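Just so you know, we're using the working numbering here: the sequence shown kicks off at 10 and counts up by one.
Since the structure comes first, as C-alpha cells, the remarks are kept for the end.
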Amino acid sequence: MSVHLRPVRSLSSARLGPVELITGGLLSTAAALTMVGPLIAALLIRRSGADRTHPSAPLILLTLAIALAIIVALTMFAIARRRRRSGSS
C-alpha cells in the first residue's frame, strides 16, 4: 500500500483572492453588527441607573472588539479592491 503525498502550501505563500477577501470582510462586518446590539442594551441599562457597581471593563472590551472588527472589514475590502484592479489590468 502506497500513500500519495501532495505538497502543502505554507501559510506565508497563501494569497487570498478578491472574492475570499470580500467574504471575510462581510463576515467581519456581520460580527461587528451582532455585537452592537448587546453593547447598546448594556449602555441603556447602565444609563438607567441600574447597579453602577459593576465594572465597565467588559463594555470597553466590547467596544474595542467592535472597532477592531470594523477596521478588519474595511482593510479586507480595500485589499480586495486593490487586487481586483491590479488583476483587471
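Where a beta carbon is used, it is the ideal one built from N, C-alpha and C, also for glycine.
All values derive from a computational prediction rather than experimental measurement.
How is the alpha helix (DSSP H) around residue 45 delimited, first residue to last? 27 to 56
Pick out whichever of 71, 66, 55, 63 has its Cα sitting closest to the Cα of residue 42. 71
Same chain only: Cβ atoms within 6 Å of residue 79, ignoring 5 sequence neighbours per side: 41
Assuming residue 37 and residue 82 form a contact by the criterion Cβ under 8 Å, report the distance between their Cβ atoms to the nearest whole angstrom. 4 Å
Indicate the three-state DSSP secondary structure (helix, strand or coil) for residue 14 in the structure shown. coil
Measure the alpha-carbon distance for residue 68 versus residue 31 and round it to whole angstroms. 29 Å
Other residues of its chain near residue 28: CB distance less than 6 Å, five sequence neighbours each side excluded: none
At the level of alpha carbons, what is the spacing between residue 92 and residue 26? 7 Å
Residue 24 (DSSP reduced to helix, strand or coil): coil
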